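Each remark here refers to the structure printed beneath this line.
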Amino acid sequence: MRKRIVAMILFGSIWGLLECSLGDYLHSRHLGAGIVMASIAFIFMAYTRYLYNARGMQAGMAAIAAIMRHFNPVGGCLLCASISIFIEGLIFEAIWIIPWHHERSNIVKVGIGAISGYMIYSIGFIATQIITPMIVSKFYLHDLISNLPIILANGTYALLIGAIAFPLIMAIPKETRIKDSLYYAASAVLVAISWMAVIAGI
């Protein structure tokens, strides 16, 4: 239990750091930040579910990453990004009520990877388009409808990435030989570095 909590904090912090650094970089250069970061989020969540088999862990990771993103002193649209990250965690938990990581069929692995990737990106993006304006101003349905075809079309890229990534994740050996003392020490260092980098605006 303790190792799972540490892993949740560790992977959530690394995810948050990537959102604040790589995500901002891609967004500033219009390089499909939403697709790339949603795909990375799926990979992180699928790998930790496969490795630790702990329900709720991925929602916790998403909450940590969302908090880091929201309080990052650099970057734009901090609220919408943090909402999207947390929604992605909730979507993953909903899809993975069924223990898909126990499946042995490669076809099923590809299918669930594709479905997860598409839904995490698309629903996360749509939810952000609804929730953010409701908080800061006013939600207009016609704005969402006008953007919906683009959102759903772009989700195809996340679908393809998920279809490729999930079978590869499932092929990673679970066995680790890291001593607990080294695991906890290394995790503490990585978490501290991640948070300091975000606070410093790196």
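If you want the working numbering, it's the position in the sequence shown, counting the first as 1, plus 399.
Beta carbons are placed, not taken as given, at the ideal position from N, Cα and C, and that holds for glycine.
Source: prediction; values computed, not measured.
- Leu430 sits in coil when the DSSP states are folded into three classes, being neither helix nor strand.
- Around the C-beta of Ile598, fewer than 16 other C-beta atoms lie within 10 Å, and the residue is accordingly described as exposed.
- Excluding sequence positions up to five before and after Ile404, its CB lies less than 7 Å from no other CB in the same chain.
- Going by C-alpha positions, Met460 is about 29 Å away from Lys537.
- Taking a contact to require three or more Cβ pairs closer than 8 Å, the stretch 487-495 and the stretch 507-519 qualify as touching.
- In this structure the stretch 443-461 does not touch the stretch 528-545; the number of beta carbon pairs closer than 8 Å is below three.
- A straight-line Cα-Cα distance of about 43 Å links Thr555 and Ser580.
- For Asn553, the closest alpha carbon among the candidates Ser438, Ala445, Trp495 and Ile496 is that of Ser438.
- Here Pro532 carries a helix assignment [DSSP, helix/strand/coil].
- Taking a 10 Å sphere around the C-beta of Asn452, we find fewer than 16 other C-beta atoms and assign the residue as exposed.
- Distance check between Ile511 and each of Ala585, Leu567 and Leu543 places Leu567 closest, using alpha-carbon atoms only.
- Contact between the stretch 409-423 and the stretch 586-594 is present: 3 or more CB-CB pairs across the two stretches fall below 8 Å.
- Taking 8 Å as the upper bound for CB-CB distance, Glu418 and Ala462 are not in contact here, some 13 Å apart.
- About 6 Å separates the beta carbon of Trp495 from that of Arg448, a gap short enough to meet the 8 Å contact definition.
- Selection Leu540, Ala562 and Lys402 evaluated against Lys508 yields Ala562 as nearest (Cα-Cα).
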